[in-house]
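Note that full-length UniProt numbering has the sequence shown beginning at 1, numbered continuously upward. See structure below.
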Amino acid sequence: MKLNFFFTKKKPEHFLALDIGAETVKTLVFRKEGQKKIILCQTLEYFEEPELFENLDFPEEILEKTISRVIDQIPKIVKLKPKNIFLGLPTNILIAKIVSQNFERKTPKEPISQSENKKIGEEIFRCVRNKITQEFSQKTGLLPQDFHFSNFKILETKIDGYEVPSILNLSGQNLEFKVLAVFLSRFQLEKIERICQNLNLKILKIVHPAENLDYLFPNEKINAVYLDIGGKITNIFLVEKGKLTGISQFKQGGINFTEKIYRQLGISFFEARILKENYSQSLLSEKVQKRVKEIFSDVLQSWFENLKENLKNFPQKLLPANFFLFGGGSLLPDISEILENGDWANLTFISKPKIEIIYPQKLKDVKDKNQILKGPQDIPLILLFYE
1 MKLNFFFTKK KPEHFLALDI GAETVKTLVF RKEGQKKIIL CQTLEYFEEP
51 ELFENLDFPE EILEKTISRV IDQIPKIVKL KPKNIFLGLP TNILIAKIVS
101 QNFERKTPKE PISQSENKKI GEEIFRCVRN KITQEFSQKT GLLPQDFHFS
151 NFKILETKID GYEVPSILNL SGQNLEFKVL AVFLSRFQLE KIERICQNLN
201 LKILKIVHPA ENLDYLFPNE KINAVYLDIG GKITNIFLVE KGKLTGISQF
251 KQGGINFTEK IYRQLGISFF EARILKENYS QSLLSEKVQK RVKEIFSDVL
301 QSWFENLKEN LKNFPQKLLP ANFFLFGGGS LLPDISEILE NGDWANLTFI
351 SKPKIEIIYP QKLKDVKDKN QILKGPQDIP LILLFYE
């Protein structure tokens with residue numbers, strides 16, 4: 001009998017994180033080595049029309065062309081063209097919501113078996129789905145069956161008032177759950193799926209930033225407000241003892257600052273974007289830096305007022321002092337300044353707000369030896385696969 005000691009080495013599998021934002025499509029090519037994610041290359045393409053996702057009926061052709069252009073850049077850099085993608089969408093398209101749901105057991109003295117645990121989970125998710133579809137049907141005019149749920153995630157579980165990591169093998173009557181639900185309209189999903197099919201891309205998972213937020217600081221029971229400051233939307237995530245407890249958003253972001261420059265100075269949108277980026281890096285003369293800061297002042301104040309209004313709407317009256325910022329808009333120094341020194345009247349924090357911008361270099365298990373990742377604007381991309 002012959003023994004063959006020569007084995008074909010398995011080729012490493014490459015993946016693509018594809019993030020569709022308000023003004024750009026970004027990609028990140030990576031491979032997995034155990035828990036590590038090895039970054040291989042990044043590409044970016046701006047939309048010709050920044051208003052692409054202003055409503056539900058976004059133009060399919062423009063999006064497909066932009067994705068095609070950004071994908072076509074990849075083989076020129078790494079001689080790869082990954083087909084398996086982790087997909088991110090604008091958060092006014094892919095929506096995340098936290099819902100509370102209770103369940104009363106008929107046999108409280110009996111421990112919860114595997115099969116009962118499964119049935120309870122299915123019933124909880126069914127109730128959460130119904131609550132959300134009813135609420136958003138009224139808001140959008142869509143029918144309940146027109147929503148697609150990409151994920152349900154239990155954030156907190158209690159039995160008879162006591163928090164537990166799992167209900168399996170425990171007894172009790174009154175169960176309380178907090179569930180993160182991620183969903184979008186089926187019409188939007190079908191458009192995205194058609195585009196991916198046309199470009200020979202396979203969607204492994206559609207991911208909202210809220211789903212993987214806890215991986216940024218694993219094993220830490222952190223209290224913080226996370227701000228994802230994108231192009232058109234600022235997402236707010238409230239985290240208490242390491243658990244996501246609140247989600248909110250408002251329609252303001254980095255593009256609003258760019259728009260103010262090009263309207264005020266009469267330059268092109270492209271030139272305004274470059275000027276804003278140079279300002280963020282303090283590359284302008286002292287006189288021009290001061291002038292841009294003045295131009296930004298009313299947009300900044302409006303952004304700050306919107307943030308405060310959203311924080312007031314959280315049920316928690318004592319807010320964490322830690323602010324963790326990511327997304328392209330977080331690069332504006334004015335944002336950190338107003339968070340640290342602004343007037344927080346009618347809001348109470350544990351202590352004076354402390355601001356930290358999250359950089360990819362701080363993340364465990366992300367290996368970027370070629371320094372491809374540039375800054376906090378890359379965190380939303382990493383959150384698509386960082387688990």
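Beta carbons are placed, not taken as given, at the ideal position from N, Cα and C, and that holds for glycine.
What residues are listed by DSSP as bridge partners for residue i?
i: Ser248; result: Ile236
i: His208; result: BP columns for His208 are empty, so no partner.
i: Leu16; result: Val29, Ile85
i: Ser185; result: Phe147
i: Leu175; result: Phe103, Ile159
i: Ile95; result: Phe183
i: Leu44; result: Lys26
i: Ile203; result: Ile85
i: Lys243; result: Glu240
Can you tell me whether DSSP reads residue i as helix, strand or coil?
i: Tyr162; result: strand
i: Leu331; result: helix
i: Ile355; result: strand
i: Asn370; result: coil
i: Gly121; result: helix
i: residue 388; result: In the structure displayed, the chain extends from 1 to 387; residue 388 sits before or after that span and is not available.
i: Ile39; result: strand
i: Asp228; result: strand
i: Phe385; result: coil
i: Thr107; result: coil
i: Pro376; result: helix
i: Asn102; result: strand
i: Thr348; result: strand
i: Lys153; result: strand
i: Leu213; result: helix
i: Thr318; result: For the sequence presented, residue 318 should be read as Leu rather than Thr. Of the three classes helix, strand and coil, the one that applies to Leu318 here is strand, per DSSP.
i: Lys364; result: coil
i: Asn169; result: coil
i: Ser268; result: coil
i: Asn219; result: coil
i: Leu283; result: coil
i: Ser137; result: helix
i: Leu339; result: helix
i: Val78; result: helix
i: Ser113; result: coil
i: Leu3; result: Confidence in Leu3 is poor, its pLDDT being 42 and thus under 50, which makes the residue's placement unreliable; the coordinate value appears in the next sentence. It is coil, neither helix nor strand.
Need the endpoints of the alpha helix (DSSP H) that residue i sits in, please.
i: Ala22; result: Looking at the DSSP string, Ala22 is not in any alpha helix (DSSP H), and its letter there is neither H nor E.
i: Asp298; result: 286-312
i: Leu265; result: 254-265
i: Leu63; result: 60-72
Give me the Cβ distance between residue i and residue j, rounded to the nearest whole Å; I'm assuming they're in contact under 8 Å.
i: Phe183; j: Glu156; result: At roughly 20 Å, the Cβ-Cβ gap does not stay under 8 Å, so Phe183 and Glu156 are not in contact.
i: Leu347; j: Lys308; result: 6 Å
i: Val78; j: Ile124; result: No, Val78 and Ile124 are not in contact; Cβ-Cβ is about 43 Å, not under 8 Å.
i: Asp334; j: Phe296; result: 6 Å
i: Arg186; j: Phe147; result: 7 Å
i: Glu64; j: Ile195; result: 5 Å
The beta strand (DSSP E) with residue i in it runs from where to where?
i: Asn322; result: 322-326
Evaluate contact between the segment 249-267 and the segment 223-235, counting only Cβ atoms and requiring at least three cross-stretch pairs below 8 Å. Cβ pair count under 8 Å is three or more, so yes.
Tell me whether the segment 161-171 and the segment 126-141 touch, counting them as touching only if at least three CB pairs, one residue from each stretch, are closer than 8 Å. When Cβ pairs closer than 8 Å are counted between the two stretches, the segment 161-171 is seen not to touch the segment 126-141, the count staying below three.
Touching or not, the segment 38-48 and the segment 18-27, by the rule of three or more beta carbon pairs under 8 Å? A contact exists between the segment 38-48 and the segment 18-27.
Assess, as a yes-or-no matter, whether the segment 203-211 is touched by the segment 295-312 under the definition of 3 or more beta carbon pairs within less than 8 Å. The answer is no - the segment 203-211 does not touch the segment 295-312, with fewer than three Cβ pairs under 8 Å.
Touching or not, the segment 290-298 and the segment 313-327, by the rule of three or more beta carbon pairs under 8 Å? No: the two stretches stay apart, fewer than three of their Cβ pairs being nearer than 8 Å.
Check whether the segment 114-124 and the segment 167-174 are in contact - that is, three or more C-beta pairs closer than 8 Å. Yes, since at least three Cβ pairs between the segment 114-124 and the segment 167-174 fall closer than 8 Å, the two stretches touch.
Under 8 Å, with one C-beta from each stretch per pair, do the segment 192-201 and the segment 83-92 reach the 3-pair mark? For the pair of segments examined, the segment 192-201 was found to touch the segment 83-92: the number of CB pairs separated by less than 8 Å reaches three.
Counting beta carbon pairs with one atom in the segment 140-149 and one in the segment 104-113, are three or more of them shorter than 8 Å? Pairwise C-beta distances place the segment 104-113 out of contact with the segment 140-149, as fewer than three of them are shorter than 8 Å.
Is there contact here, the segment 127-135 with the segment 58-78, by at least three beta-carbon pairs under 8 Å? Between the segment 127-135 and the segment 58-78 there are fewer than three C-beta pairs closer than 8 Å, too few to call the two in contact.
Looking at C-beta atoms only, is the number of pairs between the segment 379-387 and the segment 362-370 that lie closer than 8 Å three or more? Contact check between the segment 379-387 and the segment 362-370: three or more CB pairs, one atom from each, fall below 8 Å, which counts as touching.
Is there contact here, the segment 271-282 with the segment 209-217, by at least three beta-carbon pairs under 8 Å? The segment 271-282 vs the segment 209-217: no contact.
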